[in-house]
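Quick note: the sequence shown uses the working numbering, first residue 14, plus one each step.
Beneath this line is the structure, given in structure tokens, with notes to follow.
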Amino acid sequence: LQRIKQGKKYIRRVSDITEVIGYDRDAKEPVINRVFVWDPKTDKVKTVGKSFSLKKISERLNLTESEIRKEIEKRAKVLEWMVKHGLSDYRDVTQIINLYHTYPDKLLEKIRE
Numbered sequence: 014l015q016r017i018k019q020g021k022k023y024i025r026r027v028s029d030i031t032e033v034i035g036y037d038r039d040a041k042e043p044v045i046n047r048v049f050v051w052d053p054k055t056d057k058v059k060t061v062g063k064s065f066s067l068k069k070i071s072e073r074l075n076l077t078e079s080e081i082r083k084e085i086e087k088r089a090k091v092l093e094w095m096v097k098h099g100l101s102d103y104r105d106v107t108q109i110i111n112l113y114h115t116y117p118d119k120l121l122e123k124i125r126e
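This is how it looks when you write it as structure tokens:
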């Protein structure tokens, strides 16, 4: 997590997402897999590796990795909408999450309006 100045205010950005995929007993350290990295020039997150966690999830749920990524994108849109509308109180967050799990298409339609 990095704290950077943007204009007159400070914002936080996740600098990278790394999976722990095992442990090397000889080296006595975790085996890691870097999956995403934040690019400060574009303020975007870039994929730099293949996620082992997504592969496991896809196998467990019998979904393609593409289907899982689409679901992640939908959830990201909900989170972005919540931030845009200042919804950060735990009661509001809980209500939106429950609404998404019950009526995802209706919520996404409302967000698009």
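From the three backbone atoms N, C-alpha and C, an ideal C-beta is built for every residue, glycine too.
These numbers were taken from a predicted model, which means no experiment stands behind them.
Rounded distance between the beta-carbons of residue j and residue i, thought under 8 Å
i      : j      : result
Lys90  : Leu121 : 7 Å
Ile81  : Leu67  : 6 Å
Ile145 : Met95  : The chain is shown from 14 up to 126; residue 145 falls before or after that span and cannot be answered.
Pro117 : Lys87  : 7 Å
Boundaries (first-last residue) of the alpha helix (DSSP H) holding residue i
i      : result
Lys87  : Glu78 to Lys97
Leu74  : Phe65 to Leu74
Tyr116 : Tyr116 -> no alpha helix (DSSP H), and no H or E assigned at all.
Neighbour-count burial assignment, residue i, 16 or more Cβ in a 10 Å radius
i      : result
Ser101 : exposed
Ser64  : buried
Inset, instruction - Count the C-beta pairs between the stretch 23-32 and the stretch 41-57 that are closer than 8 Å, then say yes if the count reaches three, no if not. - result: Of all C-beta pairs linking the stretch 23-32 to the stretch 41-57, three or more are shorter than 8 Å, placing the two stretches in contact.
Inset, instruction - Run through the stretch 14-61 for me and flag every whole beta strand (DSSP E) of 3 or more residues, listed as ranges in chain order. - result: Listed in chain order, the complete beta strand (DSSP E) runs (minimum 3 residues) inside the stretch 14-61 are 15-19, 22-26, 29-37, 42-52 and 57-60.
Inset, instruction - Would you be able to state if there are at least three C-beta pairs under 8 Å between the stretch 74-92 and the stretch 52-62? - result: No, the stretch 52-62 is not in contact with the stretch 74-92.
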